[in-house]
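Colleague:
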Amino acid sequence: MTVDVDRRVSRRSFMKWSGIAGGSAALVATAAHLGMPGSAPADAAEGMVDAEKTVWSACLVNCGARCPLRFQVKDGTVVRVLPDNTGTGEIGNHRIPACPRGRSIRQRIYSADRIKKPLKRKPGTKRGDDQWEEISWDQALDEIAEKYQQLLDDYGPESQFYAYATGVIAATVSGSYYGGALQRLLKKKGGFLSYYGDYSTGGITEAMRVTLGGYIDSNSTDDLVNSKLYVLWGHSPMETKMSGGSEAFYAQRILRETNVRTIVVDPRHSDSVQLMADEHIALKPGTDAALIAGIAHVLITENLHEQDFLDRYCVGFDEGTLPEGAPDGSSYRAYIMGDGPDGIEKSPQWASRVTGTPTDTIIKFARELGNNKPSMIHQGWGAQRCANGENQARAIITLNAMLGNVGLPGGGTGTYPGSSAVTINSTFDADPNPVTKKISHFTWPDAIDHGTDMKGEDGVRDWDEDGNPIWDPHLDVPIKAIWAYGSNTLINQHADINYTKELLRDDSKCELIVLCDNQMTASAKFADYVLPGTSNAEEGDVVQQGLAANMGYSIVATKAIEPLYESKTIYDICTELAKRLGIEEEFTEGKTQDDWARETIEASREANPGMPSYDDLQEMGVWKVNNGSRVALTEFRDDPEANPLDTPSGKIEIYSAEVARKAKEWNLPEGDVITALPEQISTWEDSEAAKTNKDYPLQMINYHFKGRTHSTYGNVPWLKQAHRQVIWINPVDAEPRGIKNGDEVIVYNGRGQTKVEAKVTPRIFPGVTTLPEGAWYDPDENGVDQGGGPNVLTKYHPTALAKSNPQYTNLVEVKKA
């Protein structure tokens, strides 16, 4: 049957769902601590007093936290969403209050955008036409299984790509990011092409790998009690980490208690500057490595750096610690002092010309860092989302090494804030992926379009049987199928939407796209089959924790209501597919989803002394334990010979011989540069290019927004009203364009156009605009996005080294609508 699918909710149904909670609410105070550390059953006396039950669940989106939620249920409907009420006021056993996103989750559960039935793209239409047939589950699963098997027979498992997905990031059985039911199913059928890195951290992950030997977070924020200076570099926890499970809750309190001087480095005067900082140091996007070079010049010339640390623990700061084969003059000191190949002294005056930051500010900042050790430099993920992002992140790590902060209380690695954790051992995710090859998270369009041409210099990675990296692997087949679960990256979150749309519309290339979600997103409209998944209120699972400083925690979520419409859990969907593929017993091992969740907790108890049983955790909801502050790389600091890093030298590699080899051997696209040192790189569509681009003279960066987590919650009416989508533009740039605060404007370049409200404010660097990421893509009949999303403007051009997303490197123009 061909239908015009009605995704609307009737007024009567909506009033029933939204009005139940408004009747007889009695909010009463509750004792927060009930004897056992961080443990208490959900209290039905809170919220709606005549609710029939109150069960624990959690918000599972990708904000860095995992907030417990308590769902109150009446007449089979979630009527109230309550926050965590356990723990004490002490950091390490603190409450985890959900932010407005999690508290508004009822509007997602009962959204008009819920996918109600299995959908099949109408024959004769193209992906993106939004023309569907409603079909039965049996038809959907039969046809998907048949096409999947055909593609496996024709191309092998390397042709199957599991799309980057974080919409259900922290669940164990139903998770979408790592492990989870869909990945387990694909593994059981021979595997799938996976990815390395991610849209959040692709550049810094590679920076840490070549510099520190792996993904190594820094000291936890509670360790600020031992710091003399706190620097948030491209990091805004007051917007990105808003919940009690993350920094917005505890970082402000720690700062009040310690009174540590705090500096934020960011092109934008963010809410973290407003609420946490003593000083804001602004700079042009993409110039962080230049700012650090100017700081390094001051540290060296005034002898404020830690030379003994650099000599013992680092490679390549001086000529004497360069690896064998490195050319003379290729040390970081030589680069800074003008003794390297470019012959340019990286003085504060030079750095000021590149960054736009005043020379006096650079000198003062350098002296503060040099005279206040240990300092804690927490690097956010904004700087590394530029076209030269790997060098930006490497430079910040290098500055931290020059200060000798590594391995010390009050210091850190110069990377992202670390935290304590509860170890979750999931037997459900135990199987390795039989396909060892990986591509970058960002380069899947290339693997669709010309996959067999891709090799090492295009971002393909592979490992031999002993786990050693193969130098120049290649793909044997292109991507022929995409499996997307809890994912909106195919369209909304990927770069250059208009290019990506046309690629996906050609179903002779990628022949099958299966998407499972509970909201009809922009990406869902580009699938062949759309399967209605459950919300987290409609299933139970073990939820793995977020970033909570010195507190580890674990949550057991309980099913609150029956699945709405014809939605099914991903575990049930995969079980049905496994049956059709002849591997049901191998997939389920005779266990239900609840059985796997129970087994996960029992398998995790040995690693976590005192961890309650599964049954007890269902009643408690959340279990908390104070594991103490994280101080990264203490063993390395104590004895680097006995505890080497996983780099070729075992040390911090400021000069990377691996990167030097790639710079020599890789054939890179025009405009791409990689360097053995963390040098300032001028690249395409950066601040230098803006000076000469008459058509698109403004830089555009994105930022993570309080009103949603990426695109999740982006369709919630409460949040859209509270946090409007606006583009920030400096008065210096707005005035000559005749743009006033509140005007509707068109932001455009050669890739696309989007309409949005202007916020004229000095809180953004002149010559720069900033547009929050994640707004739902909504094109009109002329292709102009009405949602104010940035990804019709961002460029699909993977970064040179990590092949990651450079979505903060763009040039645009803005005009009144």
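By this note's numbering, the letter at position 211 of the sequence shown is numbered 235, and the numbering carries on one by one without gaps.
Ideal Cβ placement from N, Cα and C applies to all residues, glycine included.
Note that the coordinates shown come from a computational prediction; the quantities given were computed from them, not determined experimentally.
Once DSSP output is grouped into helix, strand and coil, what is the label at Ile472?
Modeller: Looking up residue 472 in the sequence shown gives position 448. Here Ile472 sits in helix by DSSP.
Colleague: Under a Cβ-count criterion, where at least 16 other Cβ atoms within 10 Å of its own Cβ denotes burial, should Lys686 be classed as buried or exposed?
Modeller: Mapped onto the sequence shown, residue 686 falls at position 662. So Lys686 counts as buried.
Colleague: Can you name the start and end residues of the alpha helix (DSSP H) that Asp757 belongs to?
Modeller: Here residue 757 refers to the residue found at position 733 when the sequence shown is read from its first residue. Its alpha helix (DSSP H) spans residues Pro755 to Ala758.
Colleague: Given a threshold of 16 other Cβ atoms within 10 Å of its Cβ, counted over all protein chains shown, does Arg336 qualify as buried or as exposed?
Modeller: In the sequence shown, the residue the question calls residue 336 occupies position 312. Label assigned to Arg336: exposed.
Colleague: Between Thr467 and Pro822, which are expected to be in contact by the criterion C-beta below 8 Å, what is the C-beta distance as a whole number of angstroms?
Modeller: Along the sequence shown, read from residue 1 onward, the residue named residue 467 stands at position 443. Along the sequence shown, read from residue 1 onward, the residue named residue 822 stands at position 798. Right, the Cβ-Cβ distance comes to about 5 Å (below 8 Å), so this counts as a contact.
Colleague: Can you tell me whether Leu256 is buried or exposed? The criterion is at least 16 other CB atoms within 10 Å of its CB, across all chains shown.
Modeller: The residue you call residue 256 lines up with position 232 of the sequence shown. Classification of Leu256: buried, given that the 10 Å Cβ count is 16 or more.
Colleague: Using a Cβ-Cβ distance cut-off of 8 Å, determine whether Arg336 contacts chain D.
Modeller: Of the chains in the structure shown, none is chain D; there is only one protein chain.
Colleague: Just how far apart, CA to CA, sit Thr311 and Gln704?
Modeller: Looking up residue 311 in the sequence shown gives position 287. Looking up residue 704 in the sequence shown gives position 680. Approximately 7 Å between the Cα atoms of the pair.
Colleague: Between the C-alpha atoms of Glu858 and Glu659, what's the straight-line distance to the nearest angstrom?
Modeller: Past the edges of the chain, shown from 25 to 841, lies residue 858, and the structure says nothing about it.
Colleague: Assign Asp530 to buried or exposed, taking buried as 16 or more other Cβ atoms, counted over all protein chains shown, within 10 Å of its Cβ.
Modeller: On the sequence shown, residue 530 is found 506 positions in, with the first residue counted as 1. Under this definition Asp530 is an exposed residue.
Colleague: Quick test of the definition: if touching needs 3 or more C-beta pairs under 8 Å, does the stretch 511-523 touch the stretch 104-114?
Modeller: Touching, no, given that fewer than three Cβ pairs across the two stretches are closer than 8 Å.
Colleague: Rounded C-beta distance between Ala826 and Gly226? I'm assuming under 8 Å.
Modeller: Here residue 826 refers to the residue found at position 802 when the sequence shown is read from its first residue. Here residue 226 refers to the residue found at position 202 when the sequence shown is read from its first residue. That belief holds up - the Cβ atoms of Ala826 and Gly226 are roughly 5 Å apart, short of 8 Å.
Colleague: Would DSSP call Glu392 helix, strand or coil?
Modeller: Residue numbering aside, residue 392 sits at position 368 when the sequence shown is read from its first letter. It is helical.
Colleague: Tell me the DSSP bridge mates of His118?
Modeller: Translated into the one-based positions of the sequence shown, residue 118 becomes position 94. Its beta-bridge partners are Thr112.
Colleague: According to DSSP, simplified to helix, strand and coil, what is Asn834?
Modeller: Numbered from its first residue, the sequence shown carries residue 834 at position 810. In the structure shown, Asn834 sits in coil (DSSP, three-state: anything other than H, G, I, E or B).
Colleague: Return yes when the Cβ of Val836 is within less than 8 Å of the Cβ of Asn773, no when it is not.
Modeller: Along the sequence shown, read from residue 1 onward, the residue named residue 773 stands at position 749. Along the sequence shown, read from residue 1 onward, the residue named residue 836 stands at position 812. In this structure, Val836 lies closer than 8 Å to Asn773 by Cβ.
Colleague: How about Asp477 and Lys533: do their beta carbons lie closer than 8 Å?
Modeller: Along the sequence shown, read from residue 1 onward, the residue named residue 477 stands at position 453. Along the sequence shown, read from residue 1 onward, the residue named residue 533 stands at position 509. No, Cβ-Cβ distance for Asp477 and Lys533 is not below 8 Å.
Colleague: For a quick check, are the C-beta atoms of Val97 and Ile585 less than 8 Å apart?
Modeller: Counting from 1 along the sequence shown, the entry for residue 97 is found at position 73. Counting from 1 along the sequence shown, the entry for residue 585 is found at position 561. Yes, they are a contact pair.
Colleague: Start and end of the alpha helix (DSSP H) containing Ile859?
Modeller: A question about residue 859 goes unanswered here, because the residues of the chain that appear run from 25 up to 841.
Colleague: In its own chain, which residues sit with a C-beta less than 6 Å from the C-beta of Thr545, not counting the 5 before and 5 after it?
Modeller: Here residue 545 corresponds to residue number 521 of the sequence shown, with the count starting at 1. Closer than 6 Å at the Cβ level, and outside the excluded window around Thr545, lie Asn512.
Colleague: Using three-state DSSP, classify Arg292 as helix, strand or coil.
Modeller: Sequence index remark: in the sequence shown, residue 292 carries index 268 (1-based). Three-state DSSP puts Arg292 in a strand.
Colleague: For a test of the three-state rule: what should DSSP assign to Pro65, helix, strand or coil?
Modeller: What you label residue 65 is simply residue 41 of the sequence shown in a count that begins at 1. Unreliable placement is indicated for Pro65, whose pLDDT of 48 sits below 50; the coordinate value is still reported in the next sentence. It is coil, neither helix nor strand.
Colleague: So, Val339 versus Arg661, is the Cβ gap smaller than 8 Å?
Modeller: For the purposes of this step, residue 339 is identified with residue 315 of the sequence shown, where counting begins at 1. For the purposes of this step, residue 661 is identified with residue 637 of the sequence shown, where counting begins at 1. Going by C-beta atoms, Val339 is not nearer than 8 Å to Arg661.
Colleague: So, Asp295 versus Ser260, is the Cβ gap smaller than 8 Å?
Modeller: Your numbering for residue 295 matches position 271 in the sequence shown. Your numbering for residue 260 matches position 236 in the sequence shown. Yes, the Cβ-Cβ distance between Asp295 and Ser260 is below 8 Å.
Colleague: Quick test of the definition: if touching needs 3 or more C-beta pairs under 8 Å, does the stretch 378-387 touch the stretch 414-429?
Modeller: No: the two stretches stay apart, fewer than three of their Cβ pairs being nearer than 8 Å.
Colleague: Compute the beta-carbon to beta-carbon distance between Ala317 and Ala375, rounded to the nearest angstrom, for a pair I have assumed lies under 8 Å.
Modeller: Here residue 317 is taken as the residue at index 293 of the sequence shown, counted from 1. Here residue 375 is taken as the residue at index 351 of the sequence shown, counted from 1. Their Cβ separation, rounded to whole angstroms, is 6 Å, which keeps Ala317 and Ala375 in contact under 8 Å.
Colleague: Which residues share a DSSP beta bridge with Leu555?
Modeller: The sequence position of residue 555 within the sequence shown is 531, counting from 1. Its beta-bridge partners are Cys540.
Colleague: If you follow the alpha helix (DSSP H) that Asp166 is part of, which residue opens it and which one closes it?
Modeller: Position 142 of the sequence shown, counted from the start, is the residue given in the question as residue 166. Looking at the DSSP string, the run of the alpha helix (DSSP H) that includes Asp166 is Trp161 to Tyr179.
Colleague: How big is the Cα-Cα spacing for Ser242 and Met232?
Modeller: Stepping through the sequence shown from its first residue, residue 242 is reached at position 218. Stepping through the sequence shown from its first residue, residue 232 is reached at position 208. If I take the Cα positions, the gap works out to 11 Å.
Colleague: Taking only the alpha-carbon atoms, compute the straight-line gap between Thr707 and Pro693 and give it to the nearest angstrom.
Modeller: Here residue 707 refers to the residue found at position 683 when the sequence shown is read from its first residue. Here residue 693 refers to the residue found at position 669 when the sequence shown is read from its first residue. Between Thr707 and Pro693, the C-alpha separation is close to 11 Å.
Colleague: Got a sec? Which residues, its chain only, sit under 7 Å from Leu323 by beta carbon, not counting five neighbours each side?
Modeller: Translated into positions along the sequence shown, residue 323 becomes position 299. So the list reads His329, Ala390, Gly394 and Met426, once near-sequence residues are dropped.
Colleague: Got a sec, what are the start and stop residues for the beta strand (DSSP E) Tyr509 sits in?
Modeller: For the purposes of this step, residue 509 is identified with residue 485 of the sequence shown, where counting begins at 1. That run of the beta strand (DSSP E) goes Ala505 to Tyr509.
Colleague: Could you tell me whether the stretch 736-748 touches the stretch 275-295, using the rule of 3 or more Cβ pairs below 8 Å?
Modeller: The stretch 736-748, when compared against the stretch 275-295, does not touch it at the 8 Å Cβ threshold.
Colleague: Using DSSP with H/G/I as helix, E/B as strand and the rest coil, what is Ser48?
Modeller: By 1-based counting over the sequence shown, the position of residue 48 is 24. Note that Ser48 has pLDDT 29, beneath the 50 cutoff, so the model's placement of it is unreliable and the number below is only indicative. Coil, per DSSP.
Colleague: For Asn415 versus Thr110, is the C-beta spacing smaller than 8 Å?
Modeller: What you label residue 415 is simply residue 391 of the sequence shown in a count that begins at 1. What you label residue 110 is simply residue 86 of the sequence shown in a count that begins at 1. No; because the gap between Cβ atoms is not below 8 Å, this pair is not in contact.
Colleague: Within the stretch 749-808, note down every full alpha helix (DSSP H) run reaching 4 residues or more, in order along the chain.
Modeller: If we require 4 residues or more, the alpha helix (DSSP H) runs fully inside the stretch 749-808 come out as 755-758.
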